[in-house]
Amino acid sequence: MILEARHLRQGMNPVVVVKLGNQKRRTVVREGTDCPVYNEYFVFDFTGDLEKLLSTRITIALYSRNCLRQLKFYGSTVFEVEAVWEQPDHQYYHKWAMLGDPKSLSSEPKGYVKCNVAVRAKGEKVRIYPETEGEDDIEG
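Just so we're aligned: the sequence shown equals residues 1 to 140 in this note's numbering.
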């Protein structure tokens, strides 16, 4: 689930693209904001053995749509499914992913995307956490 993004460049038209292996999903474009709210849920079906799944990469990338409706890469984060699998309940909950530019030598963050990522077998339930105050600490 892509929840929101923060600390982006002012006046952007951001869209988030989530990729698992060869599959892609994207959020709607939020016009003229540096703090878009999405609350969009994506499901990726995967067939294969657990070892192959765990070595599959998840990419969360943010693009900005220009006036010609073209998408320009802004920043991304990449991690393997195994990183999620090793978490309690096999999920990240309300985690801030730091966006960077893999082609840049600068380690400066380009912004953050708040997301929930869970790895589940078919029919397995996702644990729902209660909402709590103070969850907006990006550095935490």
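Here a beta-carbon is modelled for each residue, glycine too, at the ideal position from N, C-alpha and C.
What you are looking at is a predicted structure, and each value in this text was computed from that prediction instead of being measured.
Since I believe residue j is in contact with residue i (beta carbons under 8 angstroms), could you give me their beta-carbon distance rounded to a whole number of angstroms?
i     : j      : result
Gln91 : Asn116 : 7 angstroms
Can you give me the C-alpha to C-alpha distance between residue i and residue j, rounded to a whole angstrom?
i      : j      : result
Ser64  : Ser76  : 12 angstroms
Leu68  : Gly48  : 40 angstroms
His94  : Phe42  : 15 angstroms
Met165 : Asn22  : The structure shown does not extend to residue 165, since the chain is modelled only from 1 to 140, so the question has no answer here.
Leu99  : Gly123 : 32 angstroms
Lys110 : Lys103 : 13 angstroms
Arg6   : Ile60  : 14 angstroms
Gln10  : Lys19  : 25 angstroms
Let's test the definition: count the other Cβ atoms within 10 Å of the Cβ of residue i and tell me whether it reaches 16, buried, or not, exposed.
i      : result
Val119 : buried
Val15  : buried
Val113 : buried
Ala121 : exposed
Val37  : exposed
Among all the DSSP beta bridges, which residues are the ones paired with residue i?
i     : result
Thr47 : None; Thr47 has no bridge partner.
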